[in-house]
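Peer 1: The structure under discussion is supplied below as structure tokens; questions concerning it will follow.
Protein chains: 2
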Amino acid sequence: MKNNLKIAIAGLGTVGGGAVKILLQNADMLAERAGRNLQIVAVSARNKAKARDFDLSGVTWVDSPLDLPSLDVDVIVELIGGADGIAKELVFAAIQAGKHVVTANKALIAKHGIELAELAEKHQVTIAYEAAVAGGIPIIKTIREGLAANKFSNIAGILNGTCNFILTSMQNEHKDFADALAEAQKIGYAEADPTFDIEGIDTAHKLAILTSLAYSCPLNTQNIHIEGITNITIRDINFADELGYAIKLLGISTYTENGILQRVHPAMISKNSTIGKVAGAYNGIIVEGSAVGRITIEGLGAGEGATASSVVGDIIDIARGAIYKPFAIPVSAIKNIGVAAIDNLVTSYYIRLSVVDKSGVLAAVTAIFADYDISLNSFLQNSHNPEEAVQVVITTHKTTESAMQKALKAIEALDSVIDKPNMIRIEDL
Amino acid sequence: MKNNLKIAIAGLGTVGGGAVKILLQNADMLAERAGRNLQIVAVSARNKAKARDFDLSGVTWVDSPLDLPSLDVDVIVELIGGADGIAKELVFAAIQAGKHVVTANKALIAKHGIELAELAEKHQVTIAYEAAVAGGIPIIKTIREGLAANKFSNIAGILNGTCNFILTSMQNEHKDFADALAEAQKIGYAEADPTFDIEGIDTAHKLAILTSLAYSCPLNTQNIHIEGITNITIRDINFADELGYAIKLLGISTYTENGILQRVHPAMISKNSTIGKVAGAYNGIIVEGSAVGRITIEGLGAGEGATASSVVGDIIDIARGAIYKPFAIPVSAIKNIGVAAIDNLVTSYYIRLSVVDKSGVLAAVTAIFADYDISLNSFLQNSHNPEEAVQVVITTHKTTESAMQKALKAIEALDSVIDKPNMIRIEDL
């Protein structure tokens with residue numbers, strides 16, 4: 084058997100603790116699979132004194148994670164988090180010291196991934212980040228290796244377990260957004276400041292990584308159209324259900340003739356589809372490739388075990404000597420292939436309007452849709468309660484985003500339309 | 084860039100032709116991903132004169148595939164098929180000549196895989212067989228690498244596109260088995276002699292491979308409980324639908340305290356579950372691991388593009404120098420972990436009886452179930468047509484297979500029960 088693979092771990096939170104437990108509890112099995120012992124030689128964590136449910140006696144503790152790269156280790160596992168600050172400093176230093184890096188840090192990879200990949204190439208090491216996207220789902224490996232024969236055309240998925248948990252509990256337990264968020268916070272699925280998750284930023288980071296990996300283009304988080312889930316109301320959830328849809332926060336990256344269109348927004352998808360049924364903290368991803376057609380993968384998108392499974396999977400690859408280019412190809416071969424604006428999107432739409440007077444406004448609204456050549460598919464309204472505005476729901480056939488945006492502006496300007504219309508795209512997944 | 088990877092392909096049928104097309108049409112993209120050109124240098128096929136929709140000028144043709152190992156090639160791609168005969172001879176010779184092998188041959192791997200892996204280790208090459216199981220789904224890579232941190236407990240899936248196509252058209256188009264089979268044969272989804280597929284043998288081969296890979300145990304096709312789909316009638320399909328189930332041919336491999344239980348049989352699963360909705364020629368697989376929980380993957384299980392995607396994916400891995408042990412660990416570390424008999428299975432059951440006289444027989448039947456401590460869950464019967472036997476359907480709560488088999492024997496012996504009872508297991512997937 085080869086020499087032990089010497090591992091240093093920075094960060095012993097949920098994922099770090101999970102990775103340590105896997106490495107300690109299944110050491111013999113993992114050694115057989117990896118072809119060598121996977122030995123934790125050093126760790127660094129904010130609070131050394133904290134009670135932990137694993138035994139790290141014999142392992143070197145260092146106060147600063149930045150002391151890890153100078154140790155005699157082969158791999159540094161970065162589980163601190165954050166696009167900049169100490170995590171970034173550690174990862175750059177580790178690679179410069181000739182250490183392989185394994186990380187679950189999507190913000191770091193989305194922001195600095197290409198630069199890190201280039202540095203890793205120079206130092207003949209790798210930076211592996213399976214755990215950064217979709218928790219336990221081996222989506223990086225699937226795109227980079229399993230489906231490497233394919234020219235990719237589309238990637239679409241539920242990439243954020245927090246949002247999916249909130250939307251699922253709105254759908255199944257008829258909670259409104261605030262209650263569902265509070266519940267998610269209570270059980271640890273959402274942070275005290277949930278902005279990153281519920282505004283779609285976390286999904287955008289993951290999407291940018293998948294886009295760059297699949298299409299061999301630079302990371303681009305600037306040109307992602309991002310809408311979060313904060314405008315989704317229980318009314319929309321209920322209307323969606325009546326129409327046969329579930330509402331999910333999707334990240335979608337499409338190769339179009341105008342360039343790559345990246346978008347993150349809530350979407351209505353058939354509640355009977357595979358992705359429409361992905362519930363709670365699960366993630367689900369569809370990958371479409373030229374040879375394979377459509378592959379769908381579903382699994383836990385977060386949590387100790389699932390994310391640690393991906394971290395340790397990356398460590399085993401490194402131990403086996405299966406060292407991949409982080410973005411599948413040399414950084415020098417990554418090409419800018421242009422950015423398609425969301426204006427070009429062609430899809431169907433759900434529009435919910437609050438109106439004061441039903442009969443008058445409907446003629447005006449439908450006239451506006453006709454002006455923009457938008458053909459309507461269905462129409463719903465709730466029973467009139469004199470105390471409340473009437474809710475009118477319209478779904479359209481396929482049209483362009485730009486036509487829809489113009490129509491929505493004109494509709495919003497109508498006197499009888501109260502509030503901004505609520506628009507949710509409908510996707511065939 | 085490194086030297087070209089020199090490839091020889093034996094067999095230019097559907098999958099071979101598909102692989103050639105991917106390699107030729109996307110040569111530049113694949114070279115970037117692989118880090119070197121993927122060059123087809125030699126081929127062998129039964130009929131050189133056959134019109135083909137790709138251009139192999141400049142490529143060496145050899146009459147016998149057995150001449151390929153002596154050529155200056157790095158990889159031999161075996162797409163001839165069959166557990167023995169020329170395919171086997173070629174693969175052994177290729178490995179002995181120090182060539183890597185890529186194959187889609189599940190029968191060969193299920194029968195000789197361990198022996199081949201051992202020989203490959205000795206000659207420091209690999210034999211890669213992603214295409215042998217579940218077509219375009221990268222299930223081998225997922226188990227061997229992506230989920231390598233996990234102790235596996237269960238693998239369950241639809242692994243045969245032919246059977247799934249037949250069962251789906253019985254379910255959706257209300258065809259009987261013979262018509263659905265004839266349709267599958269007409270459009271090329273089933274062979275003239277469909278035995279291998281419809282009797283569950285093909286599924287058993289694939290299951291044995293996944294079992295050995297996941298649990299690090301020897302290949303064992305002898306101890307798989309196998310039932311095909313030939314006893315599934317349109318009546319069962321319709322009753323299943325009424326009960327909320329779809330009928331699928333499943334391969335299931337479970338790690339139990341008594342050893343590995345491998346079984347292939349039709350099963351009723353919720354028609355709303357992910358696997359229950361896998362339709363037509365698609366395959367779907369659930370993998371359960373200690374850290375990751377449950378991962379589900381769905382994709383095309385057969386066909387030119389999907390299978391060729393896996394073949395070329397394996398070639399790219401080899402070109403990249405990512406050389407894995409074929410069964411994830413050294414052959415010397417593979418351990419016999421015992422075989423659990425199906426008698427130990429605990430599951431729910433669907434039983435359909437044809438009876439002459441309803442009122443008399445029901446008391447007798449329920450008494451027999453009571454004798455064996457089998458508790459009943461639901462009861463259905465079709466409307467009485469005096470010309471036909473009454474169809475009585477019973478579903479049970481969980482019980483053991485051995486109790487159920489004894490009960491079925493006793494029920495079959497009743498005078499008023501016509502024909503052998505039709506039993507289909509109900510699985511929670």
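Quick note, the sequences are listed as chains A and B, same order.
As numbered in this note's numbering, residues 84 to 512 make up the first sequence, in order.
As numbered in this note's numbering, residues 84 to 512 make up the second sequence, in order.
Virtual Cβ for every residue (Gly too), placed ideally from N, Cα, C.
Quick caveat, the model's predicted, so the values are computed rather than measured.
Kindly indicate if chain A contains any beta-carbon less than 8 Å away from that of residue 221 of chain B.
Peer 2: Chain A contact via Cβ: present.
Peer 1: Since residue 342 of chain A and residue 226 of chain A should fall inside the 8 Å C-beta cutoff, what is the C-beta to C-beta distance between them, to a whole number of angstroms?
Peer 2: The Cβ separation is near 19 Å, so there is no contact.
Peer 1: Please state the DSSP three-state secondary structure of residue 137 of chain A.
Peer 2: Reduced to three states, the DSSP call for residue 137 of chain A is coil.
Peer 1: Could you tell me which of A/115, A/367, A/483 and A/435 sits nearest to residue 246 of chain A, measuring between CA atoms?
Peer 2: Closest by alpha carbon: A/367.
Peer 1: Could you check whether residue 430 of chain B and residue 503 of chain B sit closer than 8 Å to each other, using their CB atoms as the reference points?
Peer 2: Not closer than 8 Å, so no.
Peer 1: Kindly list, in the order they appear in chain A, the residues whose Cβ is closer than 8 Å to that of residue 162 of chain B.
Peer 2: Correct list: empty, because the minimum Cβ distance to chain A is about 15 Å.
Peer 1: Whole angstroms is fine: what's the gap from residue 326 of chain A's alpha carbon to residue 260 of chain A's?
Peer 2: Between residue 326 of chain A and residue 260 of chain A, the C-alpha separation is close to 20 Å.
Peer 1: Using the rule of at least 16 other Cβ atoms within 10 Å of the residue's Cβ for burial, across every protein chain shown, is residue 257 of chain B buried or exposed?
Peer 2: The residue is exposed, with fewer than 16 neighbouring Cβ atoms inside 10 Å.
Peer 1: Give, in chain order, every unbroken run of the beta strand (DSSP E) that is at least 3 residues long and sits entirely within the segment 340-365 of chain B.
Peer 2: Those beta strand (DSSP E) runs which fall completely within the segment 340-365 of chain B and span 3+ residues are 342-353.
Peer 1: Measure the alpha-carbon distance for residue 177 of chain B versus residue 93 of chain A and round it to whole angstroms.
Peer 2: Between residue 177 of chain B and residue 93 of chain A, the C-alpha separation is close to 46 Å.
Peer 1: With 7 Å as the limit, tell me which residues of the segment 223-235 of chain A have their beta carbon closer than that to any beta carbon of chain B; keep them in chain order.
Peer 2: Answer set for the segment 223-235 of chain A: 224, 225, 228, 229, 230, 231, 232, 233 and 234.
Peer 1: Comparing alpha-carbon positions, which option in B/501, B/452 and B/199 lies nearest residue 479 of chain B?
Peer 2: Here the closest residue by C-alpha is B/452.
Peer 1: I want to verify the contact list: residues of chain A whose CB lies under 8 Å from the CB of residue 310 of chain B, in sequence order.
Peer 2: Per Cβ cutoff of 8 Å: no residues; residue 310 of chain B is ~27 Å from chain A at best.
Peer 1: Where does residue 462 of chain A sit, in a helix, a strand or coil, going by DSSP?
Peer 2: Three-state DSSP puts residue 462 of chain A in a strand.
Peer 1: Could you give the residue range of the beta strand (DSSP E) that holds residue 122 of chain A?
Peer 2: Looking at the DSSP string, the run of the beta strand (DSSP E) that includes residue 122 of chain A is 121-127.
Peer 1: Of the residues that make up the segment 86-113 of chain A, which ones have a beta carbon closer than 8 Å to any beta carbon in chain B?
Peer 2: The residues in question are 101, 105, 109, 112 and 113.
Peer 1: Please determine, among A/402, A/301, A/455 and A/335, the residue with the shortest C-alpha to C-alpha distance to residue 519 of chain A.
Peer 2: Any property of residue 519 of chain A remains undetermined from this structure, which presents chain A solely from 84 to 512.
Peer 1: Does DSSP put residue 255 of chain A in a helix, a strand or coil?
Peer 2: Helix.
Peer 1: Should residue 383 of chain A be flagged as near chain B, meaning a C-beta pair shorter than 8 Å?
Peer 2: Judged by the 8 Å Cβ criterion, residue 383 of chain A is in contact with chain B.
Peer 1: Does DSSP classify residue 211 of chain B as helix, strand or coil?
Peer 2: Of the three classes helix, strand and coil, the one that applies to residue 211 of chain B here is strand, per DSSP.
Peer 1: Less than 8 Å separating the beta-carbons of residue 193 of chain A and residue 299 of chain A?
Peer 2: It is not a contact, given that the beta carbons lie outside the stated cut-off.
Peer 1: If you measure from the beta carbon of residue 379 of chain B to each beta carbon in chain D, is any gap under 8 Å?
Peer 2: No chain D appears in the structure shown, which is made up of the protein chains A and B.
Peer 1: Taking the continuous alpha helix (DSSP H) assigned at residue 92 of chain B, which residues delimit it?
Peer 2: Run containing residue 92 of chain B: none in the alpha helix (DSSP H); it sits in the beta strand (DSSP E), 88-93.
Peer 1: Relative to the C-alpha of residue 440 of chain B, which candidate in B/242, B/458, B/354 and B/500 has its C-alpha closest?
Peer 2: It is B/500 whose Cα lies nearest to the Cα of residue 440 of chain B.
Peer 1: From residue 78 of chain A to residue 280 of chain A, what does the alpha carbon distance come to, in whole angstroms?
Peer 2: With chain A covering 84 to 512 only, the question about residue 78 of chain A has no answer from this structure.
Peer 1: Would the segment 222-236 of chain B and the segment 393-403 of chain A be scored as touching if the rule is three or more Cβ pairs under 8 Å?
Peer 2: Yes, since at least three Cβ pairs between the segment 222-236 of chain B and the segment 393-403 of chain A fall closer than 8 Å, the two stretches touch.
Peer 1: Report the three-state DSSP secondary structure of residue 502 of chain B (helix, strand or coil).
Peer 2: Three-state result, residue 502 of chain B: strand.
Peer 1: Which of helix, strand or coil does DSSP assign to residue 335 of chain A?
Peer 2: Reduced to three states, the DSSP call for residue 335 of chain A is strand.
Peer 1: Please classify residue 202 of chain A: does DSSP put it in a helix, a strand, or coil?
Peer 2: Residue 202 of chain A falls in the helix class under three-state DSSP.
Peer 1: Does the beta carbon of residue 115 of chain B come closer than 8 Å to any beta carbon on chain A?
Peer 2: So yes, residue 115 of chain B belongs to the interface.
Peer 1: The segment 132-156 of chain B: which residues have C-beta closer than 7 Å to a C-beta of chain A, in chain order?
Peer 2: Cβ contacts with chain A come from no residue of the segment 132-156 of chain B.
Peer 1: What does the alpha-carbon distance come out to for the pair residue 144 of chain B and residue 100 of chain B?
Peer 2: If you take the alpha carbons of residue 144 of chain B and residue 100 of chain B, they lie about 14 Å apart.
Peer 1: How far does the alpha helix (DSSP H) with residue 286 of chain B in it extend, from its first residue to its last?
Peer 2: Here the alpha helix (DSSP H) through residue 286 of chain B covers 284-298.
Peer 1: So which residues on chain A does residue 357 of chain B lean against when the C-beta distance must stay under 7 Å?
Peer 2: Ordered by position in chain A, the residues that pass the 7 Å Cβ test against residue 357 of chain B are 357, 360 and 381.
Peer 1: Mind listing which residues of the segment 385-396 of chain A have their C-beta closer than 7 Å to chain B's C-betas, in chain order?
Peer 2: Cβ contacts with chain B: 388, 389, 391, 392, 395 and 396.
Peer 1: Would residue 290 of chain A and residue 345 of chain A qualify as a contact pair, given that the criterion is a beta-carbon distance under 8 Å?
Peer 2: Contact flag set, yes.
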